[in-house]
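The numbering of the sequence shown is the numbering used here, which starts it at 43 and goes up by one. The C-beta atom is built at its ideal place from N, Cα and C for all residues, glycine as well. Just so we're clear, the structure is a prediction, and the values are computed from it rather than from any experiment. See structure below.
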Amino acid sequence: MSNLLKDSTNRNNKKIWITLFEAVKKQYEQGNEKLYLKQKYDTAKLFSLGKKMFDVLQAFDSVDATPNKKGVIKIEYRDEHAQFLNQIRPNLFNGGAYFMLKNKYQEAYNMYDAYINCAYYPLFKKYDYMKRDKLIPVASYWAAYNAYKLKNHQATLKHTPLALKDTTHYVYMLQYLAQTYKEMNDTTLYLKTLEEGFSSHPDFPFFFPRLVDYYVQNHRFDKALHVINQALSVDSTNQIYRFAKSTVLLNTGQYDECIEICDGLIAENDSMMEPYLNAGLAYFNQAVILDKELQVSKQHRQMILNDYRKALPYLERYRQLAPDMKERWSLPLYTIYLNLNMGKEFDEIDKIINAKKG
43 MSNLLKDSTN
53 RNNKKIWITL
63 FEAVKKQYEQ
73 GNEKLYLKQK
83 YDTAKLFSLG
93 KKMFDVLQAF
103 DSVDATPNKK
113 GVIKIEYRDE
123 HAQFLNQIRP
133 NLFNGGAYFM
143 LKNKYQEAYN
153 MYDAYINCAY
163 YPLFKKYDYM
173 KRDKLIPVAS
183 YWAAYNAYKL
193 KNHQATLKHT
203 PLALKDTTHY
213 VYMLQYLAQT
223 YKEMNDTTLY
233 LKTLEEGFSS
243 HPDFPFFFPR
253 LVDYYVQNHR
263 FDKALHVINQ
273 ALSVDSTNQI
283 YRFAKSTVLL
293 NTGQYDECIE
303 ICDGLIAEND
313 SMMEPYLNAG
323 LAYFNQAVIL
333 DKELQVSKQH
343 RQMILNDYRK
353 ALPYLERYRQ
363 LAPDMKERWS
373 LPLYTIYLNL
383 NMGKEFDEID
393 KIINAKKG
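What follows is the structure in structure tokens.
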């Protein structure tokens with residue numbers, strides 16, 4: 043029957059459409075009966091047959107609504123077919139869940155997409171699903187989720203307005219949207235979604251680091267600091283937020299405050315690596331800035347050496363905790379050992395740097 047309908051001359055033949063539907067319906071009912079009797083049957087096939095009935099009758103409805111030769115539209119089957127499909131429509135939703143649990147994301151997406159699309163077809167107009175069906179937003183979220191797993195950007199975005207009405211999964215939908223926009227290189231919407239996610243759920247782990255990283259990478263440190271301070275207003279003791287603030291302060295030359303935060307973090311957790319690096323670099327940078335002055339007095343020279351001495355224990359501790367991160371600690375320690383006349387240590391670090399170059 044499907045092959046017959048491929049012929050354009052048969053496209054408007056209602057008998058062929060009805061025969062095709064009845065054949066699919068019979069297979070569906072037989073499968074349903076077997077499952078009811080706990081006999082062996084392919085559950086996936088049953089869900090697929092259910093969806094096929096929707097595909098067939100939705101296509102047929104457009105034929106049924108075609109004007110006759112006199113231009114009159116006389117719809118014969120819509121009410122009957124809509125009533126039948128409305129009864130089994132939950133199986134589209136259930137089929138989506140079934141395929142999703144099997145990691146068959148394309149099949150799951152197709153089921154959820156079909157469930158949602160019923161709300162747009164004239165066939166189901168009297169049921170007004172968009173207003174009456176509370177599962178539309180949930181189905182839209184799961185459709186987006188499965189499309190996201192498939193990395194199908196357009197399908198992920200297709201039902202976005204509806205999916206965002208699913209309050210239970212709202213924050214996760216924003217996460218998938220942000221990732222999708224990033225993969226599409228849509229920086230504007232990526233940033234907007236991160237900001238929306240952080241604003242509504244500042245404690246959700248996805249948005250904060252990416253939002254701060256975006257601003258830092260684009261040298262918008264004031265924006266990054268604003269986000270961090272917002273996060274700290276929600277959780278002032280959070281170590282990740284405080285460390286992020288120390289990094290921004292380091293990048294903006296606010297060294298004293300950076301060191302103060304790092305010392306606090308180290309006091310709470312002396313095995314946390316990064317605060318040692320930030321504090322060490324804060325002292326180190328202060329020394330380098332003074333050292334670049336054209337005229338360095340004896341007093342300034344002593345201040346430079348003092349900053350190098352203060353940086354040393356932090357950077358050596360960081361080296362102990364992160365021995366493989368040579369690109370971070372080798373050059374600062376090289377400079378410190380050179381300025382403090384630490385010959386043995388200087389020779390060792392010099393060999394490490396030269397070996398890395400080789």
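| Asked | Found |
| --- | --- |
| N- and C-terminal bounds of the alpha helix (DSSP H) containing Leu267 | 263-276 |
| DSSP state of Thr279 mapped onto helix, strand, coil | coil |
| For Gly306, three-class secondary structure by DSSP | helix |
| Beta-carbon proximity of Val254 to Ile270, cut-off 8 Å | yes |
| Tyr256 to Ala139 span [Cα, whole Å] | 35 Å |
| Close Cβ partners of Ala124 (< 6 Å) along its chain, the five nearest in sequence each way excluded | Leu165, Phe166 |
| Segments of 3+ residues assigned as beta strand (DSSP E) that fall wholly inside the region 130-186 | none |
| Check whether Ser278 and Pro317 have beta carbons under 8 Å apart | no |
| Proximity to Gln196 [Cα-Cα], best of Pro179, Leu177, Met172, Gln221 | Gln221 |
| From Phe89, Ala107, Pro109, Met95, residue whose alpha carbon lies closest to that of Met142 | Phe89 |
| Buried versus exposed, by CB contacts within 10 Å (16 or more), Glu64 | exposed |
| Ile115 - DSSP class collapsed to helix/strand/coil | coil |
| Segment contact flag, the region 179-187 with the region 198-207, C-beta cutoff 8 Å, min 3 pairs | yes |
| Reduced DSSP secondary structure (H/G/I, E/B, other) of His201 | coil |
| First and last residue of the uninterrupted alpha helix (DSSP H) at Tyr220 | The amino acid at residue 220 is misidentified as Tyr; the sequence shows Ala. Residues 212-225. |
| Arg361 classed as buried or exposed, judged by whether at least 16 other C-beta atoms fall within 10 angstroms | buried |
| Straight-line gap, Tyr147 to Arg120 (C-alpha atoms, nearest Å) | 31 Å |
| Inter-residue Cα distance where the pair is Lys386 and His342 | 26 Å |
| Cβ separation of Asn128 and Tyr169, assumed to be a contact under 8 Å, to the nearest whole Å | 6 Å |
| Best match in Arg284, Pro109, Lys87, Ala161 for proximity to Asn320 [C-alpha to C-alpha] | Arg284 |
| Beta-carbon proximity list for Ala364, same chain, < 6 Å, skipping 5 on both sides | Met315 |
| Element boundaries [alpha helix (DSSP H), containing Phe326] | 315-333 |
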